[in-house]
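Presented below is the structure to which this report refers.
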Amino acid sequence: MNILAIETSCDETAAAVVDDGGSTRRHTELIEPVVREALGEAGLSVHDVGAVAVTQGPGLVGALLVGISYAKALAYGLDVPLCGINHLEGHLSAAKIGHDLSYPHIGMVVSGGHTSLYKVMSPSSITQIGQTLDDAAGEAFDKVAKLLFLGYPGGVVIEEISRDADPEEIEFPRPLINDESYDFSFSGLKTAVLNRVLKEGIFEEMDLAFSGMPVEKEPKAGKEALIPKIAAAFQKAVVDVLTAKAFKAAADNRMELLVVTGGVASNGFLRESLRLKSLETGIRLIIPERKYCTDNAAMIGIAGIRHVSEGRFASLDLNAVSRWTWE
19 MNILAIETSC
29 DETAAAVVDD
39 GGSTRRHTEL
49 IEPVVREALG
59 EAGLSVHDVG
69 AVAVTQGPGL
79 VGALLVGISY
89 AKALAYGLDV
99 PLCGINHLEG
109 HLSAAKIGHD
119 LSYPHIGMVV
129 SGGHTSLYKV
139 MSPSSITQIG
149 QTLDDAAGEA
159 FDKVAKLLFL
169 GYPGGVVIEE
179 ISRDADPEEI
189 EFPRPLINDE
199 SYDFSFSGLK
209 TAVLNRVLKE
219 GIFEEMDLAF
229 SGMPVEKEPK
239 AGKEALIPKI
249 AAAFQKAVVD
259 VLTAKAFKAA
269 ADNRMELLVV
279 TGGVASNGFL
289 RESLRLKSLE
299 TGIRLIIPER
309 KYCTDNAAMI
319 GIAGIRHVSE
329 GRFASLDLNA
339 VSRWTWE
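Reading the sequence shown from the start, the letters are residues 19 to 345 in the numbering used here.
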């Protein structure tokens, strides 16, 4: 069966065609032309679709409704099943693309909206064991990029500007890194970066409210070298916390496999830190390809396979759920 998947939880509008054997036939990034392109690249017509899977939440209501409305109309018109998928289930399912995913394992979703740890006993038995108490890791990247006037998206620009900087030259706190819980906190780290920027007097004016869209701004003369150093030190602090917490959860729960996904998992510095820790501990690591870490429709289609096989279908009353944990 071919499952047409639609993802519109936030900034991206994506469609993918996935067969029930788990092969991603096409993933592409707008709604009607995106769907048409995904089907065309897969060599299929709309009448070859056996089910429609769509992100139901969490996310931005307006964005979610674009995909849900289209998916409901399409499922109704084709008389095929409709599946409402939790965005977080999609991220965890992305690990199945190109990997031999086994159960049980620890899953970590780290993105702009979520930083959570899960005990994954089976595809349908998942328990959240840790979460951020304030900012998500990706959100912290965006906010720090904003206060450094680096633009958007924060994770990408911070990784790029940090590439040749020494992350050890400036020291920032690692919140909760030695805490016994599996929770995260990044607001204090963000504040530490802000205080360092203010102390160094890098910019003429600062937007302490983090309001409006990110902009790029030149630092004062002679202060230019501080920007990559601060960015690199911040990035390392986040990566150290994420790596420590993820492997602590795996070790404490005697799991032999750790899965890390979400947009922040596309960060090369994090991927390398996790890889090295995996070699050190012997805990197997799966991180999806970068294109499947960020929001995409293929992961929604993979999650849709389980819903179809278990007969977990949604009615045409399906509505967006902006805040929705998956446990």
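All C-beta atoms in this analysis are idealised placements derived from N, C-alpha and C, irrespective of residue type, glycine included.
Straight-line gap, residue i to residue j (C-alpha atoms, nearest Å)
i	j	result
S333	L100	7 Å
T31	V79	14 Å
K241	A268	42 Å
L380	Y88	This structure leaves residue 380 out entirely; the chain is present only between 19 and 345.
K114	S284	16 Å
I220	E236	9 Å
D153	L260	13 Å
V84	L106	19 Å
G280	V128	5 Å
F6	R341	Within the shown structure, residues of the chain are numbered from 19 to 345, placing residue 6 beyond reach of any answer.
L135	S199	11 Å
F287	G75	29 Å
A250	I301	27 Å
Residues that residue i bridges to, as DSSP identifies them
i	result
S134	V127 and Q149
A32	E25
V72	I24 and G102
R302	L275
D37	N20
I144	V138
A332	L100
V67	N20
Sub-8 Å separation of residue i and residue j beta-carbons
i	j	result
V282	G206	no
H123	L276	yes
A112	P306	yes
D38	I24	no
K247	D182	no
F202	A255	no
A56	A33	yes
V36	G322	yes
D352	I195	The structure shown does not extend to residue 352, since the chain spans only 19 to 345, so no value can be given for it.
### Task
Could you say if the segment 311-330 and the segment 174-186 meet the contact criterion of at least three C-beta pairs nearer than 8 Å?
no
### Task
Counting only runs of 4+ residues fully inside the segment 146-226, write out the alpha helix (DSSP H) ranges in chain order.
155-165, 172-180 and 205-218
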